[in-house]
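Take 1 as the starting number for the sequence shown in my numbering and just add one per residue.
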Amino acid sequence: MAVAEFNADGFGRLLADRDRRELELETFAPAAVLIPILTFDGPPRILLTVRSSHVEHHKNQISFPGGRVDEGESAPETALRETHEEVGIEPSRVRLIGAIDDIYTISNFRVTPLVGLVENPVRLDANPAEIAEIIEVPIRDLLDEAQHRREPGMWRQVQITLHFFYWKSHIIWGATGMILDQFLDLYRSEFL
Numbered sequence: 001m002a003v004a005e006f007n008a009d010g011f012g013r014l015l016a017d018r019d020r021r022e023l024e025l026e027t028f029a030p031a032a033v034l035i036p037i038l039t040f041d042g043p044p045r046i047l048l049t050v051r052s053s054h055v056e057h058h059k060n061q062i063s064f065p066g067g068r069v070d071e072g073e074s075a076p077e078t079a080l081r082e083t084h085e086e087v088g089i090e091p092s093r094v095r096l097i098g099a100i101d102d103i104y105t106i107s108n109f110r111v112t113p114l115v116g117l118v119e120n121p122v123r124l125d126a127n128p129a130e131i132a133e134i135i136e137v138p139i140r141d142l143l144d145e146a147q148h149r150r151e152p153g154m155w156r157q158v159q160i161t162l163h164f165f166y167w168k169s170h171i172i173w174g175a176t177g178m179i180l181d182q183f184l185d186l187y188r189s190e191f192l
């Protein structure tokens with residue numbers, strides 16, 4: 001599938017012009033993740049991490065850089081701080097574009113996903129206490145429907161759709177799969 005260059009301004013307008021679902025349940029801890037779009041040295045790619053076996057939540061799973069929002073911190077500040085801590089990208093190297101819909105996780109977080117553009121080469125440095133591997137997945141590969149499986153599921157007595165994306169030897173699923181599916185739907189509407 002042909003993928004256009006990532007137009008951050010166009011995608012930012014798309015995000016700004018839509019009604020974003022913000023979740024507010026107090027029983028879920030606030031968290032934020034960054035969806036880093038890498039546009040240097042090749043086609044547009046999404047940076048993901050394979051979490052280490054040492055972390056408290058989601059051991060060995062694929063995730064976006066991010067974590068719990070600290071007291072007095074905003075979701076964008078959290079996403080940028082955690083991205084720096086986990087993969088070494090300085091906050092000043094990320095151009096925040098906007099946020100997509102919040103989601104709840106089975107580990108009792110309400111996650112705000114933020115889209116950020118990394119246009120210039122950066123040195124990626126996985127924090128071994130948290131990250132086992134950094135992967136860069138071309139958006140064109142994620143758009144391949146042959147590599148995307150959907151399954152019905154139940155969560156807290158609500159019917160949901162589970163998303164599984166296959167890339168090389170990796171399976172992207174869970175909250176990351178839900179966020180990725182939402183991002184790709186928006187990407188398709190803007191660029192394809």
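Glycine residues also receive a C-beta, built at the ideal position from the N, C-alpha and C atoms. These figures come from a predicted structure and were not determined experimentally.
Query	Result
Beta-bridge partners of residue 67, as assigned by DSSP	32
Beta carbon of residue 155 nearer than 9 angstroms to that of residue 165	no
Segments of 3+ residues assigned as beta strand (DSSP E) that fall wholly inside the segment 35–107	45–51, 66–68, 95–99
Pairwise C-alpha distance: residue 62 and residue 153	20 angstroms
Beta carbon proximity, residue 170 to chain C, threshold 9 angstroms	Protein chain content of the structure displayed is limited to a single chain, and chain C is not contained in it.
From 57, 39, 143, residue whose alpha carbon lies closest to that of residue 94	39
Under 9 angstroms between C-beta atoms of residue 36 and residue 105	no
Whole-number beta carbon distance between residue 59 and residue 68, since they are thought to touch under 8 angstroms	Residue 68 to residue 59, Cβ: 16 angstroms. No contact.
Same chain, Cβ closer than 8 angstroms to residue 108, neighbours up to 5 away in sequence not counted	27, 28, 29
Continuous beta strand (DSSP E) stretch holding residue 164: start and end	158–167
Residue range of the unbroken beta strand (DSSP E) whose run includes residue 132	131–138
N- and C-terminal bounds of the beta strand (DSSP E) containing residue 151	148–155
Secondary structure of residue 123, DSSP reduced to three states	coil
Residue environment, residue 87, which counts as buried when at least 16 other CB atoms sit within 10 Å	buried
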